[in-house]
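Undergrad: Numbering (the working numbering), first residue to last: 1059 to 1186. Before I ask anything, let me first share the structure, which is written out below as structure tokens.
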Amino acid sequence: MLRILVIEDSPVNMALTVAILENAGHEILQADHASAGLELARREQPDLVLMDIQLPDIDGLEATRMLKADPRTAHLPVIALTAFAMKGDEDDTRAAGCDGYVTKPIRYKDFLAEMDAVMRRRLAPASR
Ligand code: MN
């Protein structure tokens, strides 16, 4: 079981993501904009952050840069959630510091597999 912070402004996408993660046995923290998400990340120290890229205040790439630049949250793994399916988007998320990347609409198996891959890499940093 992981404590997962989901930063997502779309109520429909949030509901879907939370349903998938709770069904998989995880505990979810929710934020519907980036600044609230960053505050929750600092305070709650979740095991994993799922970051939507299109957010109403700070976009998810900038929010990830801020999270990774803050010593209180730099260690938290971040998976980008993006509706963009264009070439270059994955590179953009990696450049911003994201540890993984999932394209919406979320597909259950791919989503959980990417989460598993990111968490495994964190448990075995020497294999990066
Ligand atoms: Mn969004």
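Cβ coordinates follow ideal geometry from the N, Cα and C atoms, glycine included. Quick caveat: nothing in here was measured; it's all calculated off a predicted structure.
1) If you drop the 5 nearest sequence neighbours on each side, which residues of the same chain put their C-beta closer than 8 Å to that of residue 1177?
2) To the nearest angstrom, how far is the alpha carbon of residue 1131 from that of residue 1078?
3) Classify residue 1181 as buried or exposed, calling it buried when 16 or more other Cβ atoms lie within 10 Å of its own Cβ.
4) Threshold first: 3 residues or longer. Then list the beta strand (DSSP E) segments lying entirely within the region 1099-1181, N to C.
5) Using the beta-carbon count (16 or more within 10 Å), is residue 1153 buried or exposed?
6) Give me the DSSP bridge partner(s) of residue 1087.
7) Please list the terminal residues of the continuous alpha helix (DSSP H) segment that includes residue 1077.
8) As a quick exercise: from 1093, 1137, 1150, 1129, pick the residue whose alpha carbon is nearest that of residue 1164.
9) On a Cα-Cα basis, can you pick out the residue from 1168, 1141, 1108 that is closest to residue 1155?
10) Are the beta-carbon atoms belonging to residue 1149 and residue 1160 less than 8 Å from one another?
11) For residue 1090 and residue 1074, I'd like the C-alpha separation in whole angstroms.
TA: On the basis of the coordinates in this document:
1) 1060, 1105, 1106, 1135
2) 25 Å
3) exposed
4) Listed in chain order, the beta strand (DSSP E) elements of length 3 or more contained wholly in the region 1099-1181 are 1106-1110, 1136-1140, 1158-1161.
5) exposed
6) 1063
7) Per DSSP, the continuous alpha helix (DSSP H) segment holding residue 1077 begins and ends at 1069-1081.
8) That would be 1137, whose Cα lies nearest to the Cα of residue 1164.
9) 1108
10) no
11) 14 Å
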